[in-house]
């Protein structure tokens, strides 16, 4: 088979990855109907009985019977989990108990009314979020849903029935369901059931018949249900063909983009774009262009942008937010970058003059320069009204009346000046009025600037255009100059404000960039997790001016507060910590301004990397919500902090692994060394004792004495080995306590020489210690041990009859003591390694030792704040030198 043909037959890797992820989740079955009463819950319960009879572990998590006799009978015989009680406004309400379901972990759980809104105080705002958590736990869910509750169809349902449904479910939930089963009955049958009281109580049924349940409405809703189900079937067919490598033809790649703004119609555009994308089987992009105009937006408008972007995500769109100066230019740039084929925009609702003052209608520009992109202009619901707003650049609050009055006052001052000096500046009267127009635009925005421009024209006409003191114009030239002046003033005011906004936006971007750069630079060299989170909370607090907290997992798996900033008393109580734990365990944002545990005071962002979650960042949301820029900055901090924490954790793991390897090497060296060092003296002792015990009277007194000397020598050798091991253990554990006192190096040397007297019997010993050598502050016993080890080492590696020299001297503020021998010396590359534990330079096997003596010397000297080193002696041999500080003067009675 040709290689190209093989390539075409390979399954799509994205499809395979999606399939793999689905295997770990529970299966979702949705019973979809056109309206209440078609039999969704009844059918779900009927199928549940069949599953229970076949041995499937199925339970009822939540079912609404609405007191329908047939439905209540179907509930009987099915296991049912108790509801959770919630106190709300003095009443006890009941909701589905998610924790009980997760603890019970059945194979299938029944959850009625997917679009239900939970009681305040529940973990999630909406029931479909509860279902998502249950699915993520690997439990299958069967649920019910009416077509009017699907988010993208909300506007169409409102048009058909005249009823706006508030409880909706994101399209992505239903589209990702493993099975959608349409439950349908004829309209006449549905109306009959309604009249018989099988759906609502009689008084409610009469009202429903006259409004929602009219035959035309029911047929329209049935058509929507059939279309949605047909789309689902077509999608499942395409997925099946891709998974099983069945040849197409596949639909051409389409991509729909919708522009998201603060407009109250933006949500309608997103839903319309979702319906268009579904019909085209196209990918949906939702783009928000962050222009300088956002500085004029109210808190409510910023919140609307956030909610619209979240709505787009719920509908399965890929959301993108970019910063730009020109709205039209950025939109067209995005269409080219993402190869968009369909662009959905809203129909302009403002008048032509307003559009002209703001640079022209965006829709007209898009149509003119869109090229091959199809533009879909959607008419918004004109019944939705946006609140009026007048913003100031500096405070983003409603423009006070004083700003308008101050602008008009400048006009009156200019007019008074022009009147007083009218004979001298007649030719530039009108030009002077541009000054207050420009200043008003710079200080207060284009609103006051436009008012000042209009007042300027009126006052100039009244005082300086004949006939004076009237608004009549006798000179026809002014009929052109006045409108032209007004046009120039409006243009100057608009452009000045635009420049001001761009400058403010640039400062904000620079502040954001500086904050990110500062944070990334500070954590780059940090090697401790606590330092990273400390920098994070301080940076976030200083930039956002909101209390911040960070939680980190402990070794036992619990999540604890690691750092916080911005509050004197911690606002993190048990309930807040529970929200942080949920965000950590599920790797999802939770808390304030989210739909998961929104009653919390903080918003919690998990610190996630590509592999796992390393902590949680919480930020206090009080009166003001986070702006989109602050939200992106917060997410960027969380990402950088997560990477830094993971870097430190990986470095710590690598260090532990290296220590483990080194420990294994040391253990091997220790066993080898000790086994050798023990075997030799033990063999000598056993041989000598055996000779003394086996044949009585065969050895003379001199021979017996020699054998006993061998036993003594072997015992001493083992004693030194044990002492070295104990000293090494004390040094490593930090348990060796220094008993500091004033010490005389000459006295210490004499004691050390007596301890190694037998080893020095066949050596030429030379001691050079000045009489005026000062006392040193040290642990005399340990310094003596250092000298003993150095002398013992010199005896081992030098030949009998050779010279050993002990030298002491004072050098500035240290006392140096050297032990020199005439042994073979040490290769230069090993001079620094001889002080490592268990390290020995290659020597004849007759030289015993474990390699611990010199490492003990190094540990003792460094504990005193001194140094020790080895060097080769001219003419052959080695010199071991240690230095102890002597920067203090001893008491006069000790000198």
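In my numbering, the protein residues as written are 9 to 903.
By construction, the Cβ of each residue, glycine as well, lies at the ideal position given by its N, Cα and C atoms.
Inset, instruction - Could you pull the start and end residues of the beta strand (DSSP E) that residue 628 belongs to? - result: Counted as a single uninterrupted DSSP element, the beta strand (DSSP E) harbouring residue 628 occupies residues 621 to 628.
Inset, instruction - Select from 639, 347, 763 the residue whose C-alpha is nearest the C-alpha of residue 792. - result: Looking from the CA of residue 792, the closest CA among 639, 347, 763 belongs to 763.
Inset, instruction - Taking only the alpha-carbon atoms, compute the straight-line gap between residue 799 and residue 887 and give it to the nearest angstrom. - result: Here the alpha carbons of residue 887 and residue 799 stand approximately 11 Å from one another.
Legend entry - Alpha-carbon to alpha-carbon, residue 553 and residue 588: Distance between the alpha carbons of residue 588 and residue 553: 21 Å.
Inset, instruction - Count the other CB atoms, across all protein chains shown, that sit within 10 Å of the CB of residue 663; report buried if there are 16 or more and exposed otherwise. - result: That one is exposed.
Legend entry - Three-state secondary structure assigned by DSSP to residue 908: Nothing about residue 908 can be read from this structure; the chain reaches only from 9 to 903.
Inset, instruction - Leaving aside the five residues before and after residue 893 along the sequence, list all residues of the same chain whose C-beta is less than 7 Å from its C-beta, in chain order. - result: For residue 893, where only same-chain residues beyond five positions count, the Cβ hits under 7 Å are 821, 822, 873, 874.
Inset, instruction - Sort out for me which residues DSSP pairs residue 767 with in a bridge. - result: Looking at the DSSP assignment, residue 767 forms no beta bridge with any residue, so it has no partner.
Inset, instruction - Tell me whether residue 34 is buried or exposed, calling it buried when 16 or more other Cβ atoms sit within 10 Å of its Cβ. - result: Looking at its Cβ environment, which holds 16 or more other Cβ atoms inside 10 Å, residue 34 is buried.
Inset, instruction - Spell out the partners DSSP gives residue 267 in its beta bridges. - result: Residue 267 is bridged to 295.
Legend entry - Alpha-carbon to alpha-carbon, residue 655 and residue 72: Computed Cα separation, rounded: 50 Å.
Legend entry - The beta strand (DSSP E) enclosing residue 344, as first and last residue numbers: Going by DSSP, residue 344 is part of no beta strand (DSSP E) but of the alpha helix (DSSP H) stretching over 335 to 345.
Legend entry - Contacting residues, own chain, Cβ-Cβ under 7 Å from residue 839 (five flanking each side not counted): These residues qualify, in order along the chain: 878, 879.
Inset, instruction - Tell me whether the beta-carbon of residue 293 lies closer than 8 Å to the beta-carbon of residue 264. - result: Remark: C-beta atoms of residue 293 and residue 264 approach each other more closely than 8 Å.
Legend entry - For residue 894, the three-state DSSP class (helix, strand or coil): Three-state result, residue 894: coil.
Inset, instruction - Spell out the partners DSSP gives residue 599 in its beta bridges. - result: Answer by DSSP bridge pairing, in chain order: 611.
Legend entry - Pair within 8 Å by beta-carbon distance, residue 340 and residue 377: Yes. Within cutoff.
Inset, instruction - Measure from the alpha carbon of residue 749 to the alpha carbon of each residue in 619, 719, 897, 621, then state which is nearest. - result: Answer by Cα proximity: 897.
Inset, instruction - To the nearest angstrom, report how far apart residue 499 and residue 262 are at their CA atoms. - result: Those two C-alpha atoms are separated by around 41 Å.
Inset, instruction - Would you kindly report the start and end of the unbroken alpha helix (DSSP H) that includes residue 456? - result: Per DSSP, the continuous alpha helix (DSSP H) segment holding residue 456 begins and ends at 454 to 472.
Legend entry - Beta-carbon proximity of residue 142 to residue 106, cut-off 8 Å: Yes. Within cutoff.
Inset, instruction - Please report the residue range of the beta strand (DSSP E) in which residue 328 lies. - result: Annotation: the continuous beta strand (DSSP E) that includes residue 328 extends over 326 to 331.
Legend entry - Within 8 Å, strictly: CB atoms of residue 92 and residue 102: Their beta carbons are under 8 Å apart, which means residue 92 touches residue 102 by this criterion.
Inset, instruction - Give a yes or no on whether the C-beta atoms belonging to residue 829 and residue 817 are separated by under 8 Å. - result: For residue 829 and residue 817, no; Cβs fall outside 8 Å.
Legend entry - Meets three-Cβ-pair contact criterion under 8 Å: the segment 594 to 608 and the segment 555 to 565: No contact exists between the segment 594 to 608 and the segment 555 to 565.
Legend entry - Whole-angstrom distance between residue 620 and residue 529, CA atom to CA atom: Taking the straight line from one Cα to the other gives about 24 Å.
Legend entry - Among 422, 447, 488, nearest to residue 464 - alpha-carbon criterion: If we check each option's Cα against that of residue 464, 422 comes out closest.
Inset, instruction - Name the one or two DSSP bridge partners that residue 100 has. - result: DSSP lists 95 as partners of residue 100.
Legend entry - Same chain, Cβ closer than 6 Å to residue 591, neighbours up to 5 away in sequence not counted: Once the five neighbours on either side are set aside, the close Cβ partners of residue 591 are 598, 612, 614, 624.
Legend entry - Beta-bridge partners of residue 118, as assigned by DSSP: According to DSSP, which records beta bridges pairwise, residue 118 is partnered with 68, 150.
Inset, instruction - Report yes or no: do three or more beta-carbon pairs, one from the segment 303 to 312 and one from the segment 279 to 294, lie closer than 8 Å? - result: Taking a cut-off of 8 Å for Cβ pairs, the segment 303 to 312 and the segment 279 to 294 do not touch, as fewer than three such pairs fall below it.
Inset, instruction - Determine the extent of the beta strand (DSSP E) in which residue 561 is found, giving its start and end residues. - result: Counting along the chain, the beta strand (DSSP E) containing residue 561 begins and ends at 556 to 561.
Inset, instruction - Would you tell me roughly how many angstroms separate the C-alpha atoms of residue 64 and residue 41, rounded to the nearest one? - result: Distance between the alpha carbons of residue 64 and residue 41 is about 26 Å.
Legend entry - Backbone CA spacing between residue 77 and residue 54 [nearest angstrom]: In a straight line, the C-alpha of residue 77 is about 14 Å away from that of residue 54.
Legend entry - Nearest residue (CA-CA) to residue 184, options 36, 756, 345: Checked all of 36, 756, 345; the closest Cα to residue 184 is 36.
Inset, instruction - For residue 633, name the three-state secondary structure that DSSP assigns. - result: In the three-state scheme derived from DSSP, where H, G and I count as helix and E and B as strand, residue 633 is classed as coil.
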